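Participant:
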Amino acid sequence: MARTGILIEIENNAVKETSFGVMTAAAGEEIYALVLDDDAASVKDKLAEYGAAVIVNITASGELSKSPDLQAEALAAAVKEYKLETLLGTASATGRDLFARIAAILDEPLVSDCVQINIAEKTVKKSHFSGKAFATLKVNGSVFLCTIRPNSIEPVAASAAGAGDIIEFAANVADPGLIKIVEIKKDTAGKLDLTEAPIVITGGRAIKAAENYKMLEACAKKIGAAVGASRAAVDAGFAPHSMQVGQTGKTVSPRLYIACGVSGAVQHFAGMKTSKVIVAINEDKDAPIFSKCDYGIVGDIFDVVPALTEKL
Ligand SMILES: Cc1cc2nc3c(=O)[nH]c(=O)nc-3n(C[C@H](O)[C@H](O)[C@H](O)COP(=O)(O)OP(=O)(O)OC[C@H]3O[C@@H](n4cnc5c(N)ncnc54)[C@H](O)[C@@H]3O)c2cc1C
């Protein structure tokens with residue numbers, strides 16, 4: 045049983061589902077849930093349910109929330125203090141940023157955006173060449189540092205809940221002061237994060253106009269989905285680049301991916317091929333996407349999507 049630290053991401057006083065997925069990846073290990081100066085008590089029961097033996101509430105002198113450098117220093121100090129053999133997190137914007145810094149501070153190798161992990165063997169599976177190949181990598185470091193692609197591991201509560209004891213850890217570290225977060229502006233205010241949403245519905249070139257995304261948003265609202273776009277739709281000005289899924293856009297791995305009027309180009313597929321179930325709606329029965337999806341509907345998106353929304 046490896047002592048495994050997990051960086052817990054908390055939003056609106058609740059642990060993100062994607063962090064539970066990371067905890068599930070560490071099932072059976074001695075889990076230290078690492079919380080960066082947040083209300084650990086309010087999330088204690090949930091973290092215990094997913095197997096946290098210990099919850100470490102990390103503080104440091106200085107503005108922890110405003111300095112990724114200080115956060116990374118404090119997390120690295122926690123790794124040393126609690127002799128963590130493994131440190132895992134989500135390959136989210138936060139995870140990607142902090143883990144690179146932690147790896148540099150600890151001088152340890154890091155593997156990011158993995159879709160499978162074996163902690164005992166220190167191996168991971170991750171995609172290469174825009175999703176065309178998967179490699180299994182063995183990591184030879186004294187601390188096993190890894191981030192996991194959001195939603196690639198389905199969260200499952202632990203078979204035996206952890207004790208969830210809260211420890212306060214005041215890290216004795218200084219802020220290098222190189223970067224300061226001044227403001228966080230979410231351009232998808234009030235909407236689900238595309239990379240972390242459990243369901244994604246995407247509109248391709250066939251959407252024809254920006255206002256037609258409202259049709260997809262209405263459907264998304266019914267099923268708790270985020271709305272994405274293909275590059276053709278982005279290039280045509282129908283959607284912002286922040287919505288683009290694919291090789292030069294975002295990588296998503298939801299439980300359900302619904303592609304509406306998307307042809308299924310390899311560069312689009314690169315960003316969504318690890319989705320668990322893929323549904324395609326396209327009026328061309330020979331569209332390439334039909335050879336890559338689990339369910340296909342041959343039809344006009346302007347007929348099918350409203351009918352689907354109505355049914356939902
Ligand atoms: C280096 C590089 C990087 C790239 N990166 C990305 C990327 O990150 N993401 C990405 O998406 N693409 C990317 N592309 C572009 C990619 O090759 C495709 O051009 C793009 O994905 C096509 O988008 P699309 O499927 O929406 O449009 P199209 O290929 O034009 O397909 C539109 C589809 O809609 C169907 N259709 C039309 N009208 C309707 C209707 N009313 N109802 C139902 N179906 C309808 C058509 O049958 C067609 O299959 C990249 C390309 C390159 C070269």
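Residue numbers (my numbering): 45 to 356. For each residue, glycine too, the CB sits at the ideal point set by N, CA and C. From a predicted model like this one, the values you see are computed outputs, not experimental measurements.
Would you mind sorting D83 into buried or exposed? The rule is 16 or more other CB atoms within 10 Å of its CB.
Facilitator: D83 comes out exposed.
Participant: By DSSP, does K127 sit in helix, in strand, or in coil?
Facilitator: The answer is coil: DSSP assigns K127 none of H, G, I, E or B.
Participant: Quick one, are the C-beta atoms of V217 and A118 less than 8 angstroms apart?
Facilitator: Against a cut-off of 8 angstroms, the Cβ pair of A118 and V217 comes out as a contact.
Participant: Just grab the DSSP bridge partners of K182 for me.
Facilitator: K182 pairs with T167.
Participant: Less than 7 angstroms separating the Cβ of S111 from some heavy atom of ligand 1?
Facilitator: Every heavy atom of ligand 1 is 7 angstroms or more from the Cβ of S111, so no.
Participant: Using 10 angstroms around the beta-carbon of R275, count the other beta-carbons present and answer buried if the total reaches 16, otherwise exposed.
Facilitator: Looking at its Cβ environment, which holds 16 or more other Cβ atoms inside 10 Å, R275 is buried.
Participant: Confirm the yes/no value for this check: CB of A254, any heavy atom of ligand 1, distance under 7 angstroms.
Facilitator: Outside the cutoff, so no.
Participant: Between V159 and ligand 1, is the CB less than 7 angstroms from at least one heavy atom?
Facilitator: False, no ligand heavy atom lies under 7 angstroms from that Cβ.
Participant: What is the C-beta distance between G49 and T130, in whole angstroms, given that I count them as a contact (C-beta under 8 angstroms)?
Facilitator: So it is a contact: roughly 7 angstroms between Cβ atoms.
Participant: Please specify which runs of the alpha helix (DSSP H), each continuous and at least 4 residues long, are wholly inside the segment 84–118, giving them in chain order.
Facilitator: Qualifying alpha helix (DSSP H) stretches, in chain order: 84–93.
Participant: Have a look at I52 and N195 and give me their C-alpha separation to the nearest angstrom.
Facilitator: Between I52 and N195, the C-alpha separation is close to 15 angstroms.
Participant: Can you check DSSP and say which residues form a bridge with K229?
Facilitator: Note: K229 sits in no beta bridge, so no partner.
Participant: What separation, rounded to the nearest whole angstrom, lies between the Cα atoms of I192 and A253?
Facilitator: In a straight line, the C-alpha of I192 is about 35 angstroms away from that of A253.
Participant: Using alpha carbons as the reference points, say which of K235, I302, A351, F213 lies closest to C24.
Facilitator: Past the boundaries of the shown model lies residue 24; the chain is included only from 45 to 356, so the question cannot be answered.
Participant: Could you work out which residue in N101, V98, Y76, S109 is closest to E227 when comparing CA atoms only?
Facilitator: With distances taken between Cα atoms, E227 lies closest to S109.
Participant: Using 10 angstroms around the beta-carbon of G281, count the other beta-carbons present and answer buried if the total reaches 16, otherwise exposed.
Facilitator: Its Cβ having fewer than 16 others within 10 Å, G281 is exposed.
Participant: Closer than 8 angstroms is the cut-off here; do at least three beta carbon pairs connect the segment 280–295 with the segment 323–337?
Facilitator: Result no; under three Cβ-Cβ pairs closer than 8 angstroms.
Participant: Cutting at 7 angstroms between CB atoms, please list the residues of its own chain near G343, excluding the five before and the five after it.
Facilitator: The answer, listed in chain order, is I325, E327.
Participant: Is DSSP giving K320 helix, strand or coil here?
Facilitator: It is coil, neither helix nor strand.
Participant: Between I345 and A250, is the Cβ-Cβ spacing less than 8 angstroms?
Facilitator: Result yes, Cβ atoms of I345 and A250 sit closer than 8 angstroms.
Participant: Compare the Cα-Cα distances from I54 to each of L80, I75, I146 and report the closest residue.
Facilitator: The shortest Cα separation from I54 among L80, I75, I146 belongs to L80.
Participant: Taking the alpha helix (DSSP H) that Q288 falls in, what are its first and last residues?
Facilitator: Premise fails: Q288 is in no alpha helix (DSSP H) and is neither H nor E.
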